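Read the structure below first, then the notes.
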């Protein structure tokens, strides 16, 4: 029973911890130049050096903050709704992980939206009126 609880705990914390760790790595060691291998890569982010730098600065912040919030909310949810029924708990953890994965994907769209609000489609910075 202890091993099952430990596996459920690790499973629940995995995606948020991954977001935090990857966010901290990219915050400390951002990719300096647009490339196809490493960094936040969307069409607009790779448009020029300015859009690239903006995306590489923003996305680690978003992932660290999202990871921290998800870790807290996921663990609280697990502890509040935990049951001795292994099937119920297993389904709960799967639902938590699916929500985490969906929010992780949504964070990519969020960063891209921030890029679109800051830069024109040609990569030039929008003028503030």
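Residue numbers (the numbering used here): 1415 to 1543. A virtual CB, placed ideally from N, CA and C, is assigned to each residue, including glycine. Computed from a prediction, not measured in an experiment: that's the story for all the values here.
Selected residue, minimal CA-CA separation from residue i, among the options
i	options	result
residue 1516	1449, 1416 and 1433	1433
residue 1511	1498, 1489 and 1522	1489
residue 1424	1451, 1504, 1443 and 1519	1504
residue 1441	1430, 1477, 1451 and 1426	1477
N- and C-terminal bounds of the alpha helix (DSSP H) containing residue i
i	result
residue 1511	1500-1532
residue 1489	1463-1495
residue 1418	1416-1442
CA-to-CA distance, residue j to residue i, given in whole angstroms
i	j	result
residue 1456	residue 1415	44 Å
residue 1366	residue 1502	Here the chain has residues from 1415 to 1543 only, and residue 1366 is not among them.
residue 1428	residue 1491	15 Å
residue 1475	residue 1483	12 Å
residue 1472	residue 1525	7 Å
residue 1470	residue 1514	22 Å
residue 1448	residue 1497	48 Å
residue 1530	residue 1419	43 Å
residue 1518	residue 1486	15 Å
residue 1431	residue 1439	12 Å
residue 1509	residue 1458	32 Å
In DSSP terms, what residue i is bridged to
i	result
residue 1539	1533
Contact set for residue i: own chain, Cβ-Cβ below 7 Å, skip 5 residues either direction
i	result
residue 1532	1468, 1539 and 1540
residue 1528	1472
Beta-carbon proximity list for residue i, same chain, < 8 Å, skipping 5 on both sides
i	result
residue 1534	1540
residue 1417	none
Contacting residues, own chain, Cβ-Cβ under 6 Å from residue i (five flanking each side not counted)
i	result
residue 1537	1461, 1462 and 1465
residue 1453	1445 and 1470
residue 1506	1495
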